[in-house]
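Mapping the sequence shown onto the working numbering, position 127 (from 1) lands on 702, and the numbers just tick up by one.
Even glycine gets a Cβ: it sits at the ideal position worked out from N, Cα and C.
Only one structure is covered here, and it is reproduced in the block below.
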Amino acid sequence: MNYLFNEGIAIVLFGYPVWKWLLAILITSLFYLLTTFIKNFAERKLHNFSKKTNTNIDDYLYEVLSSVSKIFIFTSSLYVGIIFVGASSTIEGAISNIFLLVFFWQIAKWAILISKILFAKYKKDKTEQEDMHAVTAINGLTALSKFIIWVIFLMLALDNLGVDITALVAGLGIGGLAIALAAQSILGDLFASLTIMIDKPIAIGDYVVVDNFMGNVKAIGIKSTKLESLTGEEIIISNSDLLNSRLRNYHQSRMKKRRSSMKIGVVYETDFIKLKRVQDILKEIVKSNPKTEYIRAIFVDFGDSSLDFELTYNVLSPDYETLTEINHEIRLKIFETFENENLQFAYPTRTIHISKDA
Numbered sequence: 576m577n578y579l580f581n582e583g584i585a586i587v588l589f590g591y592p593v594w595k596w597l598l599a600i601l602i603t604s605l606f607y608l609l610t611t612f613i614k615n616f617a618e619r620k621l622h623n624f625s626k627k628t629n630t631n632i633d634d635y636l637y638e639v640l641s642s643v644s645k646i647f648i649f650t651s652s653l654y655v656g657i658i659f660v661g662a663s664s665t666i667e668g669a670i671s672n673i674f675l676l677v678f679f680w681q682i683a684k685w686a687i688l689i690s691k692i693l694f695a696k697y698k699k700d701k702t703e704q705e706d707m708h709a710v711t712a713i714n715g716l717t718a719l720s721k722f723i724i725w726v727i728f729l730m731l732a733l734d735n736l737g738v739d740i741t742a743l744v745a746g747l748g749i750g751g752l753a754i755a756l757a758a759q760s761i762l763g764d765l766f767a768s769l770t771i772m773i774d775k776p777i778a779i780g781d782y783v784v785v786d787n788f789m790g791n792v793k794a795i796g797i798k799s800t801k802l803e804s805l806t807g808e809e810i811i812i813s814n815s816d817l818l819n820s821r822l823r824n825y826h827q828s829r830m831k832k833r834r835s836s837m838k839i840g841v842v843y844e845t846d847f848i849k850l851k852r853v854q855d856i857l858k859e860i861v862k863s864n865p866k867t868e869y870i871r872a873i874f875v876d877f878g879d880s881s882l883d884f885e886l887t888y889n890v891l892s893p894d895y896e897t898l899t900e901i902n903h904e905i906r907l908k909i910f911e912t913f914e915n916e917n918l919q920f921a922y923p924t925r926t927i928h929i930s931k932d933a
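In structure tokens, the structure reads:
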């Protein structure tokens, strides 16, 4: 029995005794279980503690701790197990490279999370101040910082794998030029997003018209801008196309009111006294609405079939939906009042005179 046991543990697998493989697996498993237990225990304690405090610092610590991935814990445990049993340089080197890759990946995740937390706090302050241009810039910077962090992670990973970064960049040559040309549209959208952040032609919440498309700006990303149309569908426009288009921005983040104008025609049979009353009627209708500001109501033209008045007023809200609702209310009130005043709306008519002598 002892002979079989001794023979068994003397077996070599990939140039490494089986007993060392088993010991490495045991140490890796124990370290993984212990680390996972400590992490879960600390998470629960920190989560319960954060509920009892008013500060956000413990909440942020909880988020950072929760972001520790199982892959990172496992590779760390595997690295400890291999180092503890004294593996060969080849195996140790391979595990070490894997550990470094996962380690830098975890660091990148932490960096992205921390930057997201910092930007989110600043974004919340600016949202409360209704500074939507700052909110737009923060969204862009959040995405840009994420991109930069991943680039740094890639550079560190390649460098620790023994890749000469300087030689790699220098060696791209024509290939790099080809890649740059292929990515021209992507780079164009990236620089366009930076232009939007710096020049601030639009902000989240603005109502914009881009060529034949219109809607509220919902998100401004590195590659594209998303609009929500009045009918609810999402419109996605690349940032470069957005800046190259004729853009009308109603600046809901800065506008305080919207102007509305409409024409009302009454029949030519209207007597002079009633005709003079039309201006006062329109003025009273607008002034009776608390959400409107009267500008003017004037007799503008002798139309083909009507005596035309033009009513102009401001709606005391930048919201487009509010504008349409107020216009609806004003038109209904005009119809009701004209009916009560026996004023007739004009519509295209043609009178034909037939002579008996013809």
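Is residue i helix, strand or coil when you go by DSSP?
i	result
G840	strand
N917	coil
V643	coil
M789	strand
F580	Caution applies to F580, whose pLDDT of 43 falls short of 50 and renders its modelled position unreliable; the value that the coordinates give is listed next. F580: helix per DSSP, three-state reduction.
Y869	strand
Q599	According to the sequence as given, residue 599 is Ala; it is not Gln. A599 falls in the helix class under three-state DSSP.
R925	coil
L676	helix
D876	strand
I779	coil
Using 10 angstroms around the beta-carbon of residue i, count the other beta-carbons present and answer buried if the total reaches 16, otherwise exposed.
i	result
K862	exposed
K626	exposed
Y888	buried
D764	buried
F920	exposed
I779	buried
S652	buried
N819	exposed
S815	buried
T717	buried
T936	Any answer about residue 936 is impossible in this case: the structure gives the chain only from 576 up to 933.
I723	exposed
F913	buried
R609	The sequence shown places Leu at residue 609, rather than the Arg named in the question. Exposed.
Please report the Cβ distance between residue i and residue j, rounded to the nearest whole angstrom; I am assuming they are in contact, meaning their Cβ atoms lie under 8 Å.
i	j	result
V655	I600	Wrong, their Cβ atoms sit about 12 Å apart, outside the cutoff.
S835	V784	Their Cβ separation, rounded to whole angstroms, is 16 Å, which puts S835 and V784 out of contact at 8 Å.
E618	Y637	7 Å
I973	E859	The chain is shown only over 576 to 933; residue 973 falls outside these bounds and no answer can be derived.
D781	N824	5 Å
S892	K866	7 Å
On a CA-only basis, which of the options is nearest residue i? Give me that one, please.
i	options	result
I810	F788, T770, L818, F722	F788
N791	L822, D774, A767, L769	L822
I685	F877, S652, S641	The sequence given here places Trp at residue 685; Ile does not occur at that position. Considering only alpha carbons, the answer is S641.
T924	L731, S881, I905	S881
A695	S652, N631, S644	N631
K908	T611, L857, P865	L857
N864	L769, I905, Y843	I905
L817	F649, T800, D855, N672	T800
I713	K831, I773, L805, S671	I773
T650	F678, F659, F624	F678
K798	N615, E868, M837, I771	I771
S671	S720, F606, A732	A732
F606	F624, R871, G840, I657	I657
W680	E914, L805, I648	I648
L898	L805, E911, F847	L805
In terms of residues, what are the limits of the beta strand (DSSP E) holding residue i?
i	result
K803	In the sequence on display, residue 803 carries Glu and not Lys. Note, E803: beta strand (DSSP E), 799-803.
S813	809-813
L822	822-824
How far does the alpha helix (DSSP H) with residue i in it reach, from first residue to last?
i	result
L882	Not the alpha helix (DSSP H): L882 falls in the beta strand (DSSP E), residues 882-890.
L857	847-862
Please check if any C-beta of chain B sits within less than 8 Å of the C-beta of residue i.
i	result
M837	No chain B is part of this structure, which consists of one protein chain only.
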